[in-house]
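Trainee: Following this message is one structure expressed as structure tokens.
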Amino acid sequence: MSTGLFISLEGIDGVGKSTQSDLLEEFLTSAGRTVVRTFEPGGTELGQEIRHLLLHRKGDVAPRSEALLYAADRAHHVATKVRPALERGEVVITDRYLDSSVAYQGVGRALKAADVRAISMFAVENLLPDLTILLDLDAAKAAARRNQTGEAPDRLEREKIEFFESVRQAFLDMAAAEPHRWLVIDADQSVNEMQAQIRARVSQLLGSQ
Ligand code: TYD
Numbered sequence: 055m056s057t058g059l060f061i062s063l064e065g066i067d068g069v070g071k072s073t074q075s076d077l078l079e080e081f082l083t084s085a086g087r088t089v090v091r092t093f094e095p096g097g098t099e100l101g102q103e104i105r106h107l108l109l110h111r112k113g114d115v116a117p118r119s120e121a122l123l124y125a126a127d128r129a130h131h132v133a134t135k136v137r138p139a140l141e142r143g144e145v146v147i148t149d150r151y152l153d154s155s156v157a158y159q160g161v162g163r164a165l166k167a168a169d170v171r172a173i174s175m176f177a178v179e180n181l182l183p184d185l186t187i188l189l190d191l192d193a194a195k196a197a198a199r200r201n202q203t204g205e206a207p208d209r210l211e212r213e214k215i216e217f218f219e220s221v222r223q224a225f226l227d228m229a230a231a232e233p234h235r236w237l238v239i240d241a242d243q244s245v246n247e248m249q250a251q252i253r254a255r256v257s258q259l260l261g262s263q
């Protein structure tokens, strides 16, 4: 049986994660791999309900409740979708994973980053990605890109620029602390330039399997 490969994409809202995921999926499929594309929050049926609670329900959510809801979504996502695919030898590409919780809840919401990480590690029985791709962009530029889409902002996207600045910095700090797992991409480049850098790193990983 071939070995599964687990890749996550991270970054603040508006940096272009889904475009890069689409192109990476194409690349991996043409390399003969079976790809499962997924996302958090909401990558499962149960997760869709949790996603609604987190992003579209009226009213506040207490920060610790928010952190636990994201972790609950993640626990079910990993148990029912991610781990089974990896065990079948497939490639899983997820748009966001536990590093989003550490950055948004741990740092953005000022809960302790180590506590938030510990909750998620419990949720996923310590499953970390083989590669985490950070699309890094200035918070003001990312906000401008979000506005261009014309979509109504969800509860998290209504946060102030300072919130996104602290989340961005949290991602950069995590990447610096664990360089073997992270690839930092400057998201102020063209779609193709970004994808070329991603494909180069993923090719190395495929070669080492
Ligand atoms: P996402 O699905 O990426 O947003 P969109 O569909 O609008 O592109 O994520 C929804 C929001 O949830 C996003 O603002 C980031 C936030 N989030 C957290 O705060 N913590 C988490 O653990 C995750 C996975 C997402």
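Each residue of the sequence shown is one higher than the last, beginning at 55 in our numbering. Ideal Cβ positions, reconstructed from N, Cα and C, are used throughout, including at glycine.
1. With DSSP as the reference, label SER174 as helix, strand or coil.
2. For VAL132, which residues does DSSP report across the bridge?
3. From what residue to what residue does the alpha helix (DSSP H) around ILE215 run?
4. Should the region 137-154 be regarded as contacting the region 242-253, the criterion being three or more beta carbon pairs within less than 8 Å?
5. Under DSSP, the beta strand (DSSP E) around GLU64 begins and ends at which residues?
6. Kindly provide the ranges of any beta strand (DSSP E) runs that are 3 or more residues long and lie completely inside the region 140-189, ordered along the chain.
7. Does DSSP put THR88 in a helix, a strand or coil?
8. Determine the burial state of ARG33: buried for a count of at least 16 other Cβ atoms within 10 Å of its Cβ, exposed for fewer.
9. If you drop the 5 nearest sequence neighbours on each side, which residues of the same chain put their C-beta closer than 7 Å to that of ARG91?
Mentor: With the given structure in hand:
1. Counting from one through the sequence shown, the residue named residue 174 turns up at place 120. Helix.
2. Taking the sequence shown and counting its residues from 1, one reaches residue 132 at position 78. BP columns for VAL132 are empty, so no partner.
3. Here residue 215 is taken as the residue at index 161 of the sequence shown, counted from 1. Counting along the chain, the alpha helix (DSSP H) containing ILE215 begins and ends at 215-231.
4. Contact between the region 137-154 and the region 242-253 is absent: fewer than three C-beta pairs spanning the two stretches fall below 8 Å.
5. Taking the sequence shown and counting its residues from 1, the one referred to as residue 64 is at position 10. Its beta strand (DSSP E) spans residues 59-64.
6. Taking only runs of at least 3 residues, the beta strand (DSSP E) segments lying wholly in the region 140-189 are 145-149.
7. Looking up residue 88 in the sequence shown gives position 34. Assigned with DSSP and collapsed to three states, THR88 falls in coil, not helix or strand.
8. For residue 33 there is no data in the structure shown, the boundaries of the chain being 55 and 263.
9. Taking the sequence shown and counting its residues from 1, one reaches residue 91 at position 37. Counting only Cβ-Cβ distances below 7 Å, and skipping sequence neighbours, we find SER75, GLU79, ILE147.
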